[in-house]
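S.K.:
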Amino acid sequence: MDETEAYMKAYGMVRTALAIPEIRVADPAANTAAMMALGEEAAAAGVGILLFPELAVTGYTCGDLFAQSALLAGAEAGLAALAEWSQAAKMLVVVGAPIPVGSALYNCGVAINRGRILGSVPKTYIPNTHEFYEKRWFAASRQLQEDRVTHAGQTFPIGADLLFSDWDDANVTVGLEICEDLWAPAPPSGELAAAGATLVLNPSASNELTGKSEYRKNLVVQQSARCNAAYLYASCGIGESTTDLVFGGEGLIVEKGTVLAQTERFMREGRLIAADVDVEALVHDRRMQSSFADAGPAEPHRRVAFCCQEAKDWRRPVNPAPFVPADSAKRTARCEEIFAIQSVGLMSRLHHIGDVPMVLGISGGLDSTLALLVCADACDRLGLPHSAIHAVTMPGFGTTDRTYDNAVALIRGLGATFHEIGISRAAADHLADIGHDLAVHDVTYENAQARERTQILMDLANQVGGIVVGTGDLSELALGWATYNGDHMSMYAVNAGVPKTLVRYLVAYVADQARFAGIWQILTDVLDTPVSPELLPPDESGKIAQKTEDLVGPYALHDFFLYHVVRNGFSPKKVDRLARAAFAGTYDAVVIRKWLRRFYRRFFAQQFKRSCLPDGPKVGTVALSPRGDWRMPSDAKASLWIAEVESL
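Its first residue numbered 1, the sequence shown is counted upward by one per residue in UniProt numbering.
1) Going by beta carbon distance, what residues of the same chain come within less than 7 Å of leucine 245, once the five residues before and after it are set aside?
2) Three or more C-beta pairs under 8 Å: does that hold for the segment 479-494 against the segment 612-619?
3) So what does DSSP say about glutamate 255, is it helix, strand or coil?
4) Regarding serine 475 and the ligand PLP, is the C-beta to nearest heavy atom distance less than 7 Å?
5) Determine, using beta-carbon pairs with one atom in the segment 314-322 and one in the segment 86-105, whether at least three such pairs fall under 8 Å.
6) Let me know the secondary structure DSSP gives asparagine 202 once reduced to three states.
7) Quick check: the Cα distance between tyrosine 125 and proline 325, rounded to an integer number of angstroms?
8) So, for tryptophan 595: in the same chain, excluding its five sequence neighbours on each side, which residues have a beta-carbon less than 6 Å away from its beta-carbon?
9) Quick check on DSSP: helix, strand or coil for glutamine 223?
10) At which residue ranges does the segment 356-430 contain complete alpha helix (DSSP H) runs of 4 or more residues, listed in the order of the chain?
11) Under the rule that 16 or more other beta-carbon atoms within 10 Å means buried, what is tyrosine 133, buried or exposed?
12) Would you mind giving the Cβ-Cβ distance between lysine 381 and methionine 347, rounded to the nearest angstrom? I have them listed as a contact below 8 Å.
13) Within the chosen definition, does the segment 32-46 reach the segment 213-227 through at least 3 CB pairs nearer than 8 Å?
14) To the nearest angstrom, report how far apart phenylalanine 561 and aspartate 161 are at their CA atoms.
15) Alpha carbon to alpha carbon, what distance is there between histidine 390 and serine 634?
16) For the alpha helix (DSSP H) containing cysteine 612, name the first residue and the last one.
17) If we ignore side chains and look at the alpha-carbon of each, how far apart do glutamate 3 and asparagine 319 end up?
18) Counting only the same chain and skipping the five closest in sequence on each side, list residues whose C-beta sits under 8 Å from that of histidine 419.
19) Checking 8 Å against the spacing of the C-beta atoms, do tyrosine 563 and valine 622 come in under that value?
20) Which two residues bound the contiguous alpha helix (DSSP H) that contains threonine 483?
21) Going by the DSSP bridge assignment, what does valine 468 pair with across the sheet?
22) Can you find at least 3 beta carbon pairs, one from the segment 149-159 and one from the segment 178-191, that sit closer than 8 Å?
23) Applying the criterion that 16 or more other CB atoms from any shown protein chain within 10 Å of the CB defines a buried residue, is proline 300 buried or exposed?
24) Taking C-alpha atoms, which residue in Asp168, Val121, Ala170 lies nearest to aspartate 147?
25) Determine the closest residue to leucine 624 out of Tyr600, Leu578, Arg567, Val591, with distance taken between C-alpha atoms.
26) By the 10 Å Cβ neighbour count, where 16 or more other Cβ atoms means buried, how is tyrosine 231 classified, buried or exposed?
27) List the whole-angstrom C-beta distance separating valine 565 from valine 575, where the pair is believed to meet the contact cut-off of C-beta under 8 Å.
28) Taking the DSSP output, what are the residues bridged to glycine 119?
29) Cutting at 8 Å between CB atoms, please list the residues of its own chain near alanine 56, excluding the five before and the five after it.
30) For tryptophan 388, which residues of its own chain have a beta-carbon under 7 Å away from its beta-carbon, when the five flanking residues on both sides are left out?
31) Given this structure, state the Cα-to-Cα distance separating arginine 114 from glycine 48, to the nearest angstrom.
32) List the DSSP bridge partners of alanine 275.
33) Please go through the same chain and pick out, in chain order, the residues whose beta-carbon is closer than 6 Å to the beta-carbon of leucine 373, but skip the five residues on each side of it.
34) Let me confirm a value: asparagine 128 is counted as buried when at least 16 other C-beta atoms fall within 10 Å, else exposed. Which label applies?
35) Rounded to the nearest angstrom, what separates histidine 441 and leucine 457 at their Cα positions?
36) Assign aspartate 494 to one of three DSSP states: helix, strand, or coil.
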């Protein structure tokens, strides 16, 4: 089986869709024909789970016609026809239909699969206010006396306690609630999710009012996030009666608070939207959220198995920069919030210990520039002069004129207290003391410089009665790209929660603020400078010779790996597949797997550095503090993960 044929099972995905047919009120034959046409389109697109609106078989706006035997018989025949059609469709199809049970009529979501009616879920909350008066025709699910019903030529379970699980993957479990159920104080979807439903389907009939669409969308988004589930919402549209109301045909597919797809309202024709849901990611988050398990269902739920086709292609868009919002407005808002978290974290620490001075090393690179800007903002918040910042440039064997000049200009431009302390002589003396040849540019040569710089900062902090502010970022912590007891150490690490791919945007965000207009040009040049520790001598032209990404790999890839390994717990196989989708045309599979292998090796081998990290603020969902988000033994073996990468 190749990877496209194994799409759902191999990567924990399922293709879902919702369809809004053009309705003919009280004409079940025409409505089922319209649903079948959209269903054929969905089946051809590889959809495994398909949702139609509330009472789509008859139309929602039939009114007192729901008491007519002819309409109910037509609806029953329509369900039977849909069940027969579904034999070849290989989808779980959920349709809205009226189902009589005993002396009552129920507004139901009906699950159909491979020729069988698997079960029917009646609406729990029946609206009876303003424009809605469903209690005139329908009973609530709690009034059911039976748990099975014979209808449309089949006998099947009925009740609000039904779940539908994929025969091949029990994580793909579907629960149903209907329209008003979502608007209730305690929607049934909460219980369904706690019982194991990873996908909630809502066949709905919600009319259009000014402002209602936004409110309705917020409900769906919030409920999907609260339930840690995918939520499919399909409301009826054109064709329903407009005697008093208009139905716009709103459809939403939302995954844990993120809208994957939505329909355009007020369309004349029927329409279909589809999205691939990452069920594995949902299950991972549920396992990591202890309160989710604590909210277990009050009552046991019945499960019914279904089987559905697997999609044969990859359609889910994958963001190559998961830490960085693609939308510019959202990115700016995110940067503003993160910068505030960093600054307030430092401000609080400084105030707690007596508004003491800050000491940090400035290299002219992105990380130390961001840390310096955070220090300046913390001073502004505390009402301290920028002279409380003791910024130190420490030129060494690899320092270039460009980074040195930028470091000096930044320090002076911000009004910080300037220190220049060269480390070349001290590092050379130390290397001579331990018998190390200066011509051998190995790890000892490099780390001696990093530790000399840290010693200077620590001693200077003692001298001025302050603290050392760390500059290293989250990506460096993940890869262990820091000298142990060198730049690895500080009293407060303001960048510890910020990934490298986001540092650049944060500096650019600050550069655009009016209060930093005086150093805008310098910040712009820092943004254009290659990332480097500058521990090896410059090249013959005096430019940076040691470029970090040539050694450890592109930070764009490593941040991508970090997010999906730590945030989602994905396997190497899935991380690789996502990366190939995200970076198609930028990095080929060979390059991606080379650096993925390197990522796992370094991530495991360098845990000992993360086990003793200094304090620093968490700013996002991925963090590596040993006191909070990431607890991992320093001697854990990477062999299982490396073996899977090697097998790709």
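Where is the CB? At the ideal position from N, CA and C, for every residue including glycine.
M.R.: Let me lay it out:
1) Excluding five sequence positions before and after leucine 245, the CB atoms of its chain that fall closer than 7 Å to its own CB belong to Glu131, Asn207, given in chain order.
2) Taking 8 Å as the limit for Cβ pairs, the verdict is that the segment 612-619 does touch the segment 479-494.
3) Note: glutamate 255 maps to strand in three-state DSSP.
4) Here there are no bound small molecules, and the ligand PLP is not part of this structure.
5) Segments in contact, no.
6) Asparagine 202 sits in a strand when the DSSP states are folded into three classes.
7) Rounded to whole angstroms, tyrosine 125 to proline 325 spans 38 Å at the Cα level.
8) Shown here for tryptophan 595: same chain residues with a beta carbon closer than 6 Å to its own, the five before and five after excluded, namely Gly553, Leu557 in chain order.
9) DSSP places glutamine 223 in helix when its eight states are reduced to three.
10) Every alpha helix (DSSP H) of 4 residues or more that sits fully in the segment 356-430 is shown, in chain order, as 366-382, 401-414.
11) Tyrosine 133 should be labelled exposed.
12) Residue 381 is actually arginine in this sequence, not lysine. 5 Å between Cβ atoms; contact.
13) Under the 8 Å Cβ criterion, the segment 32-46 does not count as touching the segment 213-227, having fewer than three qualifying pairs.
14) When rounded, the distance between both Cα atoms is 39 Å.
15) Spanning the alpha carbons of serine 634 and histidine 390 requires a straight line of approximately 35 Å.
16) Taken as a continuous stretch (DSSP letters only), cysteine 612 belongs to no alpha helix (DSSP H), as it is neither H nor E.
17) Legend: pLDDT at glutamate 3 = 45, less than 50; position of this residue unreliable, value from coordinates given subsequently. Spanning the two alpha carbons is a distance of roughly 21 Å.
18) By the criterion of a C-beta distance shorter than 8 Å, histidine 419 is surrounded in its chain by His390, Ala391, Val392, Thr393, Leu460, once the five residues flanking it on both sides are discounted.
19) In this structure, valine 622 lies closer than 8 Å to tyrosine 563 by Cβ.
20) Neither: threonine 483 is in no alpha helix (DSSP H) and is coded neither H nor E.
21) Paired residue(s): Val359.
22) No: fewer than three Cβ pairs fall under 8 Å.
23) Classification of proline 300: exposed, given that the 10 Å Cβ count is below 16.
24) The option with the nearest alpha carbon to aspartate 147 is Val121.
25) Scanning Tyr600, Leu578, Arg567, Val591 for the CA closest to the CA of leucine 624 turns up Arg567.
26) Answer is buried; the Cβ neighbour count reaches 16.
27) Rounded, the Cβ-Cβ distance is 6 Å, consistent with contact.
28) Beta-bridge pairing links glycine 119 to Ala111.
29) Excluding sequence neighbours, alanine 56 sits near Pro21, Ile23, Asn31, Met35, Val95, Gly96, Ala97, Pro203, Cys236.
30) For clarity, residue 388 is alanine in the given sequence; the question names tryptophan instead. The answer, listed in chain order, is Pro357, Met358, Cys379.
31) In this model, arginine 114 and glycine 48 are separated by some 12 Å (Cα to Cα).
32) In the DSSP output, where bridge partners are listed per residue, alanine 275 has Thr16.
33) Cβ within range, chain order: Val510.
34) Counting Cβ neighbours within 10 Å, asparagine 128 comes out exposed, since fewer than 16 surround it.
35) So the alpha carbons of these two residues sit roughly 24 Å apart.
36) The sequence shown places valine at residue 494, not aspartate. It is coil, neither helix nor strand.
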